[in-house]
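Protein sequences appear in the order of chains A and B.
Position one of the first sequence corresponds to residue 225 (the numbering used here), numbered consecutively onward.
Position one of the second sequence corresponds to residue 41 (the numbering used here), numbered consecutively onward.
All residues carry an ideal CB built from backbone N, CA and C; glycine is no exception.
Read the structure below first, then the notes.
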Amino acid sequence: NAGVMQNPRHLVRRRGQEARLRCSPMKGHSHVYWYRQLPEEGLKFMVYLQKENIIDESGMPKERFSAEFPKEGPSILRIQQVVRGDSAAYFCASSHRYATNEKLFFGSGTQLSVL
Amino acid sequence: DAKTTQPTSMDCAEGRAANLPCNHSTISGNEYVYWYRQIHSQGPQYIIHGLKNNETNEMASLIITEDRKSSTLILPHATLRDTAVYYCIVLSGGYQKVTFGIGTKLQVIP
Numbered sequence: 225n226a227g228v229m230q231n232p233r234h235l236v237r238r239r240g241q242e243a244r245l246r247c248s249p250m251k252g253h254s255h256v257y258w259y260r261q262l263p264e265e266g267l268k269f270m271v272y273l274q275k276e277n278i279i280d281e282s283g284m285p286k287e288r289f290s291a292e293f294p295k296e297g298p299s300i301l302r303i304q305q306v307v308r309g310d311s312a313a314y315f316c317a318s319s320h321r322y323a324t325n326e327k328l329f330f331g332s333g334t335q336l337s338v339l
Numbered sequence: 041d042a043k044t045t046q047p048t049s050m051d052c053a054e055g056r057a058a059n060l061p062c063n064h065s066t067i068s069g070n071e072y073v074y075w076y077r078q079i080h081s082q083g084p085q086y087i088i089h090g091l092k093n094n095e096t097n098e099m100a101s102l103i104i105t106e107d108r109k110s111s112t113l114i115l116p117h118a119t120l121r122d123t124a125v126y127y128c129i130v131l132s133g134g135y136q137k138v139t140f141g142i143g144t145k146l147q148v149i150p
């Protein structure tokens, strides 16, 4: 069974470019979460999606960031016009269902570096 | 979600039990205690969770005090591969919208 797959593993962008981070959840999982981890900090919740729906995006910056989880294909976290402060590790997690006692499975993350 | 407090770092000798404490004094009745760990540069890994009873699985044991205000994660025989940051979080509300704090950096020493 494949786990949560994230790609690319490393992404380098120049200021002003767009970054697209992809996440394929575990087979059978329809709930996806995105987290951001700045250097020497904990993971911060960004957005929670179910297939074709954004359920909670309260942790996502209001501008330049967007996320989607289409009916077919991976979830995408999109950052437009990247700035140096966007440099971080971005982790995706998935779960099977909506439940408090449902554990999350995390991918290996995408390390975004903005030059 | 309730806040948690953990020591910033701990050392443990290889082969000994590692006991990682967590305070969650404002926990409410429907909140679960979860533990995850993050080995350097990897995604967090689920370890164990519980509501009020003690729990054990192949990785660890979770001891929750009777008043539920604190808990301890026990790794019975720590190995070098257990060196990681361990996060204690409490959750309610059906989905895991949570910020993982700084956690406890556990260093297993040969």
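For Gln82(B), the nearest beta carbon of chain A is closer than 8 Å to its own beta carbon. At a C-beta separation below 8 Å, Asn325(A) has these neighbours in chain B: Tyr72, His89, Leu91.
Across the structure, Leu91(B) and Ser282(A) are spaced so that their CA atoms are roughly 26 Å apart.
Nearest to Phe269(A) by alpha-carbon distance, out of Ile129(B), Asn70(B), Ala124(B), Ser110(B), is Ile129(B). If you draw a straight line from the Cα of Ser49(B) to the Cα of Thr96(B), it is about 23 Å long. Nearest CB-CB separation between Lys43(B) and chain A: not below the 8 Å threshold.
For Pro294(A), there is no enclosing beta strand (DSSP E), as DSSP marks it with neither H nor E. A contact between stretches requires three or more CB pairs, one per stretch, nearer than 8 Å, and the region 291 to 300 of chain A fails this requirement with the region 59 to 76 of chain B.
DSSP places Leu267(A) within a strand segment (E or B) once states are collapsed to three.
Following the DSSP letters along the chain, one finds Pro249(A) in no beta strand (DSSP E), marked with neither H nor E. Annotated three-state conformation of Arg308(A) is helix, per DSSP. For Met229(A), the enclosing beta strand (DSSP E) begins and ends at 229 to 231. The region 330 to 337 of chain A makes contact with the region 227 to 235 of chain A: 3 or more CB pairs, one atom from each, lie closer than 8 Å.
Distance from the CA of Glu71(B) to the CA of Leu131(B), rounded to the nearest whole angstrom, comes to 5 Å. Beta-bridge partners of Phe315(A) (DSSP): Tyr259(A). Ranked by Cα distance from Asn277(A), the options Ile300(A), Leu245(A), Tyr314(A), Arg260(A) are led by Ile300(A). Annotation: Cβ neighbours of Gly141(B) in chain A (cutoff 8 Å, chain order): Gly266. Residue state for Leu91(B) is assigned as coil, using DSSP reduced to three classes.
Contacts with chain B (Cβ-Cβ distance below 9 Å) from the region 307 to 337 of chain A involve Ala313, Phe315, Cys316, Ala317, Ser319, Tyr322, Ala323, Thr324, Asn325, Glu326, Lys327, Leu328, Phe329, Phe330, Gly331, Ser332, Gly333, Gln335, listed in chain order. Comparing alpha carbon positions, the residue from Lys251(A), Ser248(A), Tyr272(A) closest to Tyr259(A) is Tyr272(A).
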